[in-house]
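Okay, so here's the structure we're looking at.
There are 2 protein chains.
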Amino acid sequence: MSIDRKPIKVHEAIEAVLKFAKDGEVEYIPINESDNRFLKAAIKADHDIPPFDRSPLDGFAIRAEDTVTASQTNPIELEVIETVGAGGLAKKVPEKGQVIRIMTGAKMPEGTDAIVMFELTKEIERDGKTFIVIKRAFKSGNDISYRAEETRTGDVLVEAGRQVEPGVKALLATFGYSKVPVAKKPIVGVYATGTELLDVHEPLEPGKIRNSNSYMITSQIEKAGATAKYYGKLVDEFDRCYEAVASALEEVDVLITTGGVSVGDFDYLPAIYEKLGANVLFNKIGMRPGSVTTVAEYKGKLLFGLSGNPSACYVGFELLTRPWIQTYLGSKKPHLQLVQGILKADFPKPNPFVRFIRSKVTIEAGKIYAEPVGLDKSGVVTSLANSDALVVLPGGTRGFKKGDEVDILLLNGEGSTEILKK
Amino acid sequence: MSIDRKPIKVHEAIEAVLKFAKDGEVEYIPINESDNRFLKAAIKADHDIPPFDRSPLDGFAIRAEDTVTASQTNPIELEVIETVGAGGLAKKVPEKGQVIRIMTGAKMPEGTDAIVMFELTKEIERDGKTFIVIKRAFKSGNDISYRAEETRTGDVLVEAGRQVEPGVKALLATFGYSKVPVAKKPIVGVYATGTELLDVHEPLEPGKIRNSNSYMITSQIEKAGATAKYYGKLVDEFDRCYEAVASALEEVDVLITTGGVSVGDFDYLPAIYEKLGANVLFNKIGMRPGSVTTVAEYKGKLLFGLSGNPSACYVGFELLTRPWIQTYLGSKKPHLQLVQGILKADFPKPNPFVRFIRSKVTIEAGKIYAEPVGLDKSGVVTSLANSDALVVLPGGTRGFKKGDEVDILLLNGEGSTEILKK
Numbered sequence: 002m003s004i005d006r007k008p009i010k011v012h013e014a015i016e017a018v019l020k021f022a023k024d025g026e027v028e029y030i031p032i033n034e035s036d037n038r039f040l041k042a043a044i045k046a047d048h049d050i051p052p053f054d055r056s057p058l059d060g061f062a063i064r065a066e067d068t069v070t071a072s073q074t075n076p077i078e079l080e081v082i083e084t085v086g087a088g089g090l091a092k093k094v095p096e097k098g099q100v101i102r103i104m105t106g107a108k109m110p111e112g113t114d115a116i117v118m119f120e121l122t123k124e125i126e127r128d129g130k131t132f133i134v135i136k137r138a139f140k141s142g143n144d145i146s147y148r149a150e151e152t153r154t155g156d157v158l159v160e161a162g163r164q165v166e167p168g169v170k171a172l173l174a175t176f177g178y179s180k181v182p183v184a185k186k187p188i189v190g191v192y193a194t195g196t197e198l199l200d201v202h203e204p205l206e207p208g209k210i211r212n213s214n215s216y217m218i219t220s221q222i223e224k225a226g227a228t229a230k231y232y233g234k235l236v237d238e239f240d241r242c243y244e245a246v247a248s249a250l251e252e253v254d255v256l257i258t259t260g261g262v263s264v265g266d267f268d269y270l271p272a273i274y275e276k277l278g279a280n281v282l283f284n285k286i287g288m289r290p291g292s293v294t295t296v297a298e299y300k301g302k303l304l305f306g307l308s309g310n311p312s313a314c315y316v317g318f319e320l321l322t323r324p325w326i327q328t329y330l331g332s333k334k335p336h337l338q339l340v341q342g343i344l345k346a347d348f349p350k351p352n353p354f355v356r357f358i359r360s361k362v363t364i365e366a367g368k369i370y371a372e373p374v375g376l377d378k379s380g381v382v383t384s385l386a387n388s389d390a391l392v393v394l395p396g397g398t399r400g401f402k403k404g405d406e407v408d409i410l411l412l413n414g415e416g417s418t419e420i421l422k423k
Numbered sequence: 002m003s004i005d006r007k008p009i010k011v012h013e014a015i016e017a018v019l020k021f022a023k024d025g026e027v028e029y030i031p032i033n034e035s036d037n038r039f040l041k042a043a044i045k046a047d048h049d050i051p052p053f054d055r056s057p058l059d060g061f062a063i064r065a066e067d068t069v070t071a072s073q074t075n076p077i078e079l080e081v082i083e084t085v086g087a088g089g090l091a092k093k094v095p096e097k098g099q100v101i102r103i104m105t106g107a108k109m110p111e112g113t114d115a116i117v118m119f120e121l122t123k124e125i126e127r128d129g130k131t132f133i134v135i136k137r138a139f140k141s142g143n144d145i146s147y148r149a150e151e152t153r154t155g156d157v158l159v160e161a162g163r164q165v166e167p168g169v170k171a172l173l174a175t176f177g178y179s180k181v182p183v184a185k186k187p188i189v190g191v192y193a194t195g196t197e198l199l200d201v202h203e204p205l206e207p208g209k210i211r212n213s214n215s216y217m218i219t220s221q222i223e224k225a226g227a228t229a230k231y232y233g234k235l236v237d238e239f240d241r242c243y244e245a246v247a248s249a250l251e252e253v254d255v256l257i258t259t260g261g262v263s264v265g266d267f268d269y270l271p272a273i274y275e276k277l278g279a280n281v282l283f284n285k286i287g288m289r290p291g292s293v294t295t296v297a298e299y300k301g302k303l304l305f306g307l308s309g310n311p312s313a314c315y316v317g318f319e320l321l322t323r324p325w326i327q328t329y330l331g332s333k334k335p336h337l338q339l340v341q342g343i344l345k346a347d348f349p350k351p352n353p354f355v356r357f358i359r360s361k362v363t364i365e366a367g368k369i370y371a372e373p374v375g376l377d378k379s380g381v382v383t384s385l386a387n388s389d390a391l392v393v394l395p396g397g398t399r400g401f402k403k404g405d406e407v408d409i410l411l412l413n414g415e416g417s418t419e420i421l422k423k
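Residue numbers (this note's numbering), protein chains in the order written: chain A, 2 to 423; chain B, 2 to 423.
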């Protein structure tokens with residue numbers, strides 16, 4: 002089938018996809034299951050932290066005024082009248098010359114206004130009573146952790162759209178989120194196309210290769226925060242392909258196909274979009290790899306027609322599908338993080354299209370470097386395993402040299418609010 | 002209880018822990034469940050990639066010698082005798098003046114030695130036969146992807162100890178790993194101590210706070226690649242604490258306790274180590290936060306006595322427990338990744354101990370910066386949620402200024418082979 006293909010720019014493609022962005026629904030899940038999920042609401046302090054004035058260490062709660070005259074040459078003795086542990090409350094109120102032994106985290110006893118750590122005191126016993134000896138004066142407020150000094154009720158501590166990680170989880174626990182409001186995961190369907198594809202458990206045959214894209218893409222989907230639903234391989238017959246795609250679309254939020262979007266005789270996807278009556282957003286992007294990447298929209302749902310070449314498939318997902326997923330999850334940084342760094346190899350040959358070069362980032366003396374990994378051909382699968390970044394080489398008439406400053410998209414970075422403008 | 006505490010250096014503490022490193026067993030799991038697991042064996046190519054000479058695009062497989070005379074002014078016609086799709090094999094062998102229509106990925110037909118893409122040809126029909134018109138000469142080898150040009154049988158593509166991610170998974174699929182050899186996850190038990198601790202679902206009470214450490218640390222354990230087993234809160238009674246610890250130790254590979262290692266009256270852990278007959282590796286580290294961090298060994302198993310202060314607990318885990326877990330999993334980079342960067346705030350006050358300051362890393366114009374996050378006190382929980390790094394400020398007599406170059410440990414980095422020497 003012959004179709005007119007007019008390449009659009011990468012950022013135009015991303016923008017076209019995000020016109021069909023959706024805001025995922027909320028669901029409440031147990032805190033123990035919330036790791037890596039995206040918060041659908043900000044975490045707000047429902048109480049002050051600390052919730053009360055407290056001792057940050059093990060020592061004695063004293064009345065500072067009792068120590069005014071204390072010095073090396075004039076040690077004073079104060080009577081220990083009670084011990085209060087963390088979680089306990091003092092029952093007595095010290096009067097002049099009295100102190101309360103207090104453990105880390107315990108609430109400041111009424112009538113006391115300073116903490117003195119164990120190490121600055123000496124304990125003595127006399128007449129069945131316990132005293133401490135103090136050899137210096139302490140000011141009111143010494144070593145107290147004051148109520149709300151860390152956070153006040155109502156403060157927003159973590160924004161909606163953030164992913165739950167250990168530090169976030171500590172706050173969820175602190176503020177009593179036994180159930181956590183998170184974004185539901187979108188369901189992303191995957192169909193592979195290609196008569197040459199064998200499944201992972203099948204022995205190799207002449208002319209055939211194993212299907213690596215489906216495994217790779219389901220990993221990418223899960224890493225991006227969605228649920229992958231793998232439908233298998235589309236058969237090599239148009240009507241059955243059409244039925245399979247139409248039926249899968251009813252069950253998923255987004256459907257990815259790998260392969261079948263090029264100009265080959267068995268590339269059925271363009272015809273399937275047409276028969277569906279889907280709105281083809283674009284069928285060519287001015288980029289390498291992945292120029293044939295196609296996205297169509299049907300009843301508000303997107304069909305991502307990714308290339309069957311492993312590297313092109315990988316890049317197409319990261320640039321186009323991932324931002325859709327992350328937007329659905331409420332992430333404020335749905336795009337790959339873009340940084341600048343130094344190129345570690347020559348790319349003398351210019352290319353009319355922007356190139357995304359699989360690379361490995363290193364940090365040396367505080368600076369970012371990117372080294373291309375392996376063969377830079379779209380069909381190459383091995384280089385993906387050792388990449389953690391894509392070097393972005395703009396299209397045009399110039400080549401690039403080792404030492405040039407280039408844009409680098411981090412595959413494991415914290416994301417970005419901005420769309421790459423290339 | 003009074004114990005002698007002699008601080009050791011951070012790297013001495015890490016080295017002491019890793020003297021009890023273990024090498025986890027292998028288990029074979031389905032490829033679909035292998036995301037984020039650690040490979041117990043290298044991925045080796047069991048066949049060449051490509052496994053055969055193939056066409057990297059949609060076009061025609063030709064005999065280059067047939068095109069020697071072709072030019073703009075002297076176009077030649079070649080007969081199309083067969084079409085072969087990816088996964089298929091040509092049945093015919095072209096003779097002089099004949100070509101085979103070929104799709105991306107298909108094996109090079111016998112007798113052909115060059116590929117010409119569709120776009121460089123024109124198809125015509127005559128006498129019921131199909132011909133292509135070619136207006137230039139092509140060299141033997143034009144646009145062929147040769148067997149093994151990407152990888153040869155026996156090449157090691159991914160080392161043992163690497164974590165499975167999308168690119169690695171693509172290779173596992175390519176080489177037929179329907180079952181993947183990964184390291185068994187160690188089981189890390191967690192007991193919290195502290196009478197002041199409420200569980201996440203309990204309402205606040207005077208003098209009490211919610212237990213955030215247990216939730217945080219189980220997240221850290223899972224993130225590090227292990228299985229967390231939370232046992233709950235140790236009760237405030239020595240004999241029952243002792244029984245609980247001794248019994249948990251039988252079920253886990255490592256036991257973490259949070260709190261109870263300081264010098265407070267209810268800090269039972271030192272006495273529990275003593276009663277067990279455990280070998281205390283150290284009970285003080287020259288660092289802030291987390292100086293009271295204690296590690297003991299009992300019958301080859303480690304007991305990590307982390308501080309009850311959230312930040313101290315967090316740092317203690319990342320510096321000491323995580324490398325043990327990652328070593329067990331076979332990671333070659335079990336330590337936090339160390340980079341250099343620019344400090345974005347003043348720390349004028351010197352400290353005798355090395356400090357680990359919760360910070361947020363930014364990358365600006367190819368350089369790394371670290372900005373301290375929130376209050377830098379060990380009891381502070383809120384700053385952890387917004388940190389992705391620990392700035393390392395060496396102990397000594399000097400303070401640090403905005404603009405100083407400092408060491409930075411990345412909490413989400415790719416790890417390091419090296420132990421921090423501070």
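Every residue gets a Cβ at the ideal spot worked out from N, C-alpha and C, and that includes glycine.
- With a cutoff of 8 Å on beta-carbon distance, residue 337 of chain B and residue 184 of chain B are scored as not near each other.
- Not a single C-beta of chain B is nearer than 8 Å to the C-beta of residue 162 of chain A.
- Here residue 303 of chain B is not near residue 39 of chain B, since their CB atoms are 8 Å or more apart.
- Contacts between residue 216 of chain A and chain B, judged by CB atoms closer than 8 Å, involve 32, 33, 170, 171, 173, 174 in chain order.
- Taking 8 Å as the cut-off, the beta carbon of residue 258 of chain B is found closer than this to the beta carbon of residue 192 of chain B.
- For the stretch 319-355 of chain A, the continuous beta strand (DSSP E) assignments of 3+ residues that do not extend past its boundaries occur at 338-344, in sequence order.
- By alpha-carbon distance to residue 326 of chain A, the top candidate from A:12, A:19, A:384, A:75 is A:19.
- At least one beta carbon of chain A lies nearer than 8 Å to the beta carbon of residue 341 of chain B.
- One thing to note: residue 195 of chain A has its Cβ within 8 Å of the Cβ of residue 309 of chain A.
- Taking 8 Å as the threshold, the shortest C-beta distance from residue 311 of chain B to chain A falls below it.
- The three-state secondary structure of residue 288 of chain B, taken from DSSP, is strand.
- Residue 404 of chain B and residue 393 of chain B have their alpha carbons spaced roughly 14 Å apart.
- Cβ-Cβ distances below 6 Å link residue 148 of chain B to 49, 51, 53, 54 in the same chain, with the five nearest sequence neighbours on each side left out; the list follows chain order.
- Neighbours of residue 90 of chain B in chain A, taken as residues at a C-beta separation under 8 Å, are given in chain order as 207, 208.
- With respect to the C-alpha of residue 388 of chain B, the residue from A:249, A:170, A:218, A:391 having the closest C-alpha is A:170.
- Rounded to the nearest whole angstrom, the CA to CA distance from residue 419 of chain A to residue 366 of chain B is 16 Å.
- For residue 151 of chain B, no alpha helix (DSSP H) run applies, since DSSP gives it neither H nor E.
- When C-beta distances to chain B are compared with 8 Å, every residue of the stretch 9-22 of chain A stays at or above that value.
- Boundaries of the beta strand (DSSP E) harbouring residue 408 of chain B: 406-411, taken from the DSSP string.
- Runs of beta strand (DSSP E) with 3 or more residues, each lying fully within the stretch 53-132 of chain B, are found at 60-63, 77-85, 99-103, 115-118, 123-127, listed in chain order.
- Annotation for residue 188 of chain B: 228, 230, 253, 254 place their beta carbon closer than 6 Å to its own, counting only its chain and skipping 5 residues before and after.
- Note that the stretch 150-160 of chain B does not touch the stretch 101-118 of chain B; fewer than 3 beta-carbon pairs, one per stretch, sit closer than 8 Å.
- Look at residue 185 of chain A here: in three-state DSSP terms it is coil, with no helix or strand label.
- With a contact defined as Cβ atoms closer than 8 Å, residue 102 of chain A and residue 80 of chain A miss out at about 11 Å.
- Residue state for residue 223 of chain A is assigned as helix, using DSSP reduced to three classes.
- Considering only A:201, A:164, A:158, the residue with the shortest C-alpha distance to residue 172 of chain B is A:201.
- Per the Cβ contact rule, the stretch 339-349 of chain B is in contact with the stretch 404-417 of chain B (3 or more Cβ pairs under 8 Å).
- For the stretch 284-311 of chain B, the residues whose beta carbon sits under 9 Å from a beta carbon of chain A are, in order, 309, 310, 311.
- Using a Cβ-Cβ cut-off of 7 Å, residue 211 of chain A is close to 174, 175, 177 of chain B, given in chain order.
- Taken atom to atom, the span from the alpha-carbon of residue 335 of chain B to that of residue 361 of chain A is near 19 Å.
- Here the alpha carbons of residue 64 of chain A and residue 9 of chain B stand approximately 36 Å from one another.
- Interface with chain A (8 Å Cβ-Cβ cutoff): residue 278 of chain B is excluded.
- Here DSSP, grouped into helix, strand and coil, assigns residue 280 of chain A to strand.
- Annotation for residue 400 of chain B: no alpha helix (DSSP H) segment contains it, and DSSP assigns it neither H nor E.
- With contacts defined as CB atoms closer than 8 Å, residue 66 of chain A and residue 134 of chain A fail to qualify as a contacting pair.
- Distance from the CA atom of residue 298 of chain B to the CA atom of residue 17 of chain A, rounded to whole angstroms, is 59 Å.
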